[in-house]
């Protein structure tokens, strides 16, 4: 049997409203079901948006890593813990950043593996 790979992505977003507002914009623009927005039940007890689509788990959180980009969306294929531990995950971050920028009119940023920032700006 050939190797099985999963997929993941992590994209930072510049958005002026709150997490609930961003979740609505992303749901509409990316044709996702509505995010469930609630406080986590385990540490850190922060407000988190989550949804599932096409075998991906998707999380939306506040972020402070990149100045001006106060939110992060992360997604990972479900049932891929083995692939994650074996380093068999395709990184879809650049594609997702460009897609969010085009479909949702949101400025996005990706931190690549060599710590370079790559920006996708709404034109």
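In the numbering used here, the protein residues as written are 3 to 125. All C-beta atoms in this analysis are idealised placements derived from N, C-alpha and C, irrespective of residue type, glycine included.
Quick check: the Cα distance between residue 54 and residue 35, rounded to an integer number of angstroms? Approximately 8 Å, taken between the alpha carbons.
Going by DSSP, what residue range makes up the alpha helix (DSSP H) through residue 26? 21–31 is the extent of the alpha helix (DSSP H) around residue 26.
Exposure of residue 25, with buried meaning 16 or more beta-carbon neighbours within 10 Å: With 16 or more other Cβ atoms within 10 Å, it is buried.
Buried or exposed: residue 38, going by 16 or more other Cβ atoms within 10 Å of its Cβ? Result: exposed.
Assuming contact is defined by CB atoms lying nearer than 7 Å, are residue 80 and residue 48 in contact in what I supplied? No, Cβ-Cβ distance for residue 80 and residue 48 is not below 7 Å.
Quick check on the burial criterion: 16 or more other C-beta atoms within 10 angstroms. Buried or exposed for residue 102? Its Cβ being crowded by 16 or more others within 10 Å, residue 102 is buried.
For residue 10, which residues does DSSP report across the bridge? When DSSP reads this structure, residue 10 sits in a beta bridge with 78 and 93.
Using 8 Å as the Cβ pair cut-off and three pairs as the minimum, do the stretch 110–123 and the stretch 66–74 touch? Cβ pair count under 8 Å is three or more, so yes.
Thinking C-beta only, is residue 12 closer than 7 Å to residue 1? Here the chain covers residues 3 to 125 and nothing more, so residue 1 does not appear.
Assuming residue 59 is part of the beta strand (DSSP E), what are its boundary residues? Element bounds for residue 59: 58–68.
Quick one: what does DSSP say residue 98 is sitting in, helix, strand or coil? The three-state secondary structure of residue 98, taken from DSSP, is helix.
Does the beta-carbon of residue 91, which I'm using as the reference point, lie nearer than 6 Å to any heavy atom of the ligand GTP? Absence of the ligand GTP from the depicted structure is noted, as is the absence of any ligand whatsoever, leaving it without description.
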